[in-house]
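Visitor: Here it is: the structure, laid out below.
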Amino acid sequence: MRSKCITSLIRIFSIAISLCALSQSLRGVEEIYKADPSHSGIGFKVRHFFSSVPGMFTDFEATIIRDTENSENNSIDAVIIVESINTNHAKRDKHLRNEDFFDEPIHPTITFKSTRWEEVKENQFTVTGNLKLLNVTKEIILDVRLTGAGPNHRGVFLTGWEMETTLDRRDFGITYGQDIIGNDVSVEISIEAQKQ
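Numbered by mature numbering (1 follows the signal peptide of the UniProt record, and there is no 0), the letters in the sequence shown go through residues -23 to -1, 1 to 173 in order.
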């Protein structure tokens, strides 16, 4: 009886070890990257009457985890500093920071955390995640493209990413000026990330 119990335990441990090994093989090699703000940008564009006004956030952090074998294990986490908004017009930027729009004193950051990566074709992905803005969290979808990966002239390994989405500002409670300002906000993100 005792030998049967020992044999059963050995089998259970063997199966557990095999499953762990399989899990590791499915995950491949995970690489961690940090966005280089001096070579990255978060831009947006919104309609004003009959034209579009562009803007950007100049202060942000983003961490990308890339699984070289299975892109479903990829992830991205980002924090945007609202105070850094820049539309090339100081008075307008000040207005955008107040309670009519981003309410920066109360909500100083915008965050995004991915929950799912789907590869639609080589180096192109549909990324689902949670965007938190003005204390409202909404699931959004990003169209993401890996534009390249390799060492720079100093031997630092880099990855390049392009990301796009369209947001409805009303989803986050931003409704000011709907008679002159469009509700759809086009977002374009370009990231050069350094391997850690």
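We put the CB at the ideal spot given by N, CA and C, even for glycine.
1. With I117 and T86 assumed to form a contact (beta carbons below 8 Å), what rounded beta-carbon distance in angstroms separates them?
2. DSSP three-state call for L135: helix, strand or coil?
3. One question on the structure: do I57 and T88 come within less than 9 Å of each other, judged by their Cβ atoms?
4. Is the number of C-beta pairs between the stretch 152 to 165 and the stretch 126 to 135 that are closer than 8 Å three or more?
5. Please confirm whether E99 and V121 have their CB atoms less than 9 Å apart.
6. On the criterion of 16 or more Cβ atoms from any shown chain inside 10 Å, does F26 qualify as buried, or is it exposed?
7. Helix, strand or coil for D120 per DSSP?
8. With DSSP as the reference, label P14 as helix, strand or coil.
9. How many Å lie between E81 and E60 at the Cα?
10. Could you please give the first and the last residue of the uninterrupted alpha helix (DSSP H) stretch that includes D70?
11. Excluding the five sequence neighbours on either side, which residues of its own chain have a C-beta within less than 8 Å of the C-beta of F78, listed in chain order?
12. How many angstroms separate the CA atom of T64 from the CA atom of Q101?
13. With distances taken from CA atoms, which of G32, S17, H16 is nearest V23?
14. To the nearest angstrom, how far is it from the Cα of P128 to the Cα of D156?
Guide: Answer, in terms of the structure:
1. Between the beta-carbon of I117 and that of T86 there is about 16 Å, and that puts the pair past the 8 Å contact cut.
2. The answer is strand: DSSP assigns L135 an E or B state.
3. The Cβ atoms of I57 and T88 sit closer than 9 Å to each other.
4. No, because fewer than three Cβ pairs between the stretch 152 to 165 and the stretch 126 to 135 fall closer than 8 Å, the two stretches do not touch.
5. Result no, Cβ atoms of E99 and V121 do not sit closer than 9 Å.
6. When all chains shown are included, F26 counts as exposed.
7. Correct three-state label for D120: strand.
8. In the three-state scheme derived from DSSP, where H, G and I count as helix and E and B as strand, P14 is classed as helix.
9. When only Cα atoms are considered, E81 and E60 end up about 7 Å apart.
10. 67 to 74 is the extent of the alpha helix (DSSP H) around D70.
11. Excluding positions up to five away in sequence, the list reads H72, I151, Y153.
12. A straight line joining the alpha-carbon of T64 with that of Q101 spans about 30 Å.
13. Looking at the Cα atoms, G32 is the closest of the given residues.
14. Approximately 49 Å between the Cα atoms of the pair.
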